[in-house]
């Protein structure tokens, strides 16, 4: 599998990291990137840096479009002008297939940054899901985590809000935990962060053992105890609605971006 990334920001770098860890050779990954700092970082990973004009002379299974939404449509047109038979895998948020000049040649994907650790969750969609290119796209993301095939492209907006943006919402909550721990930690901040790292990791271990949140909560709380008091406060302040509102805001913005094109 040979792939080329057009744009190598955070999500592209996460996918690249995951692919390299999965055993994909760096010689099979090419990058088109203008930012000099990123170019230097990519070269340190032994990745091939190419110019857009060279796409026609190189044979890639997929060209992964990973630019900012405002640049996506012009970048797609530039790709097809140089390599008219290319298959583009777009990881650009909010830009629907119909907005591109060749919708049938576009595969859409919405990965998250956990791809860097081989634990990504990626939604993929294309009009033709039986094509060899679509199967290649699924294979690529299976190398860096899990794949969810969507039957309706509009579902990507919701997926983006829950899994893509949702990671940041959880990080925001965990940051509050870390700040509170730092206030009482008698050790240095580096040691406190190591403690917190194990605390966060243990949450995943607990869910791996018993995939039922109600049961996991019941193992911690006791009637009229401290945990019960805290849970009642969260319920009183409507934590569920706060998160649902955040998901809805992210979903609405994804739709807005699509409509702006």
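In the working numbering, the protein residues as written are 222 to 482. Backbone N, C-alpha and C fix where the C-beta goes; we use that ideal spot for every residue, glycine too. From a predicted model like this one, the values you see are computed outputs, not experimental measurements.
Hey, how far is the Cα of residue i from the Cα of residue j?
i           : j           : result
residue 363 : residue 225 : 17 Å
residue 337 : residue 365 : 7 Å
residue 291 : residue 353 : 29 Å
residue 401 : residue 349 : 50 Å
residue 257 : residue 302 : 25 Å
residue 320 : residue 241 : 32 Å
residue 233 : residue 265 : 16 Å
residue 408 : residue 325 : 58 Å
residue 339 : residue 296 : 28 Å
residue 452 : residue 439 : 11 Å
residue 361 : residue 341 : 11 Å
residue 415 : residue 306 : 50 Å
residue 458 : residue 231 : 34 Å
residue 250 : residue 327 : 20 Å
residue 443 : residue 429 : 23 Å
residue 426 : residue 462 : 27 Å
residue 434 : residue 304 : 50 Å
residue 419 : residue 370 : 33 Å
For residue i versus residue j, is the C-beta spacing smaller than 7 Å?
i           : j           : result
residue 298 : residue 322 : yes
residue 294 : residue 313 : no
residue 228 : residue 288 : yes
residue 267 : residue 247 : yes
residue 385 : residue 333 : yes
residue 359 : residue 368 : yes
residue 441 : residue 448 : yes
residue 331 : residue 344 : yes
residue 399 : residue 417 : yes
residue 467 : residue 390 : yes
residue 222 : residue 282 : yes
residue 245 : residue 273 : no
Measure how close the beta-carbons of residue i and residue j come, nearest whole angstrom, since I'm counting them as under 8 Å.
i           : j           : result
residue 479 : residue 317 : 5 Å
residue 308 : residue 284 : 7 Å
residue 300 : residue 276 : 7 Å
residue 374 : residue 329 : 7 Å
residue 395 : residue 421 : 6 Å
Within 8 Å, do at least three Cβ pairs link the segment 375 to 392 to the segment 457 to 473?
As far as the Cβ criterion goes, the segment 457 to 473 touches the segment 375 to 392, which means the pair count is three or higher.
At 3 residues or longer, and completely inside the segment 282 to 332: list those beta strand (DSSP E) runs for me, N to C.
Counting whole runs of 3 or more residues, the segment 282 to 332 contains the beta strand (DSSP E) stretches 283 to 286, 309 to 311 and 327 to 331.
Which full runs of the beta strand (DSSP E) of 3+ residues lie inside the segment 332 to 396, going along the chain?
Here the runs fully enclosed are 341 to 346 and 366 to 370.
At what residue ranges does the segment 430 to 459 contain a whole run of the alpha helix (DSSP H), taking only runs of 4 or more?
Here the runs fully enclosed are 434 to 439 and 447 to 457.
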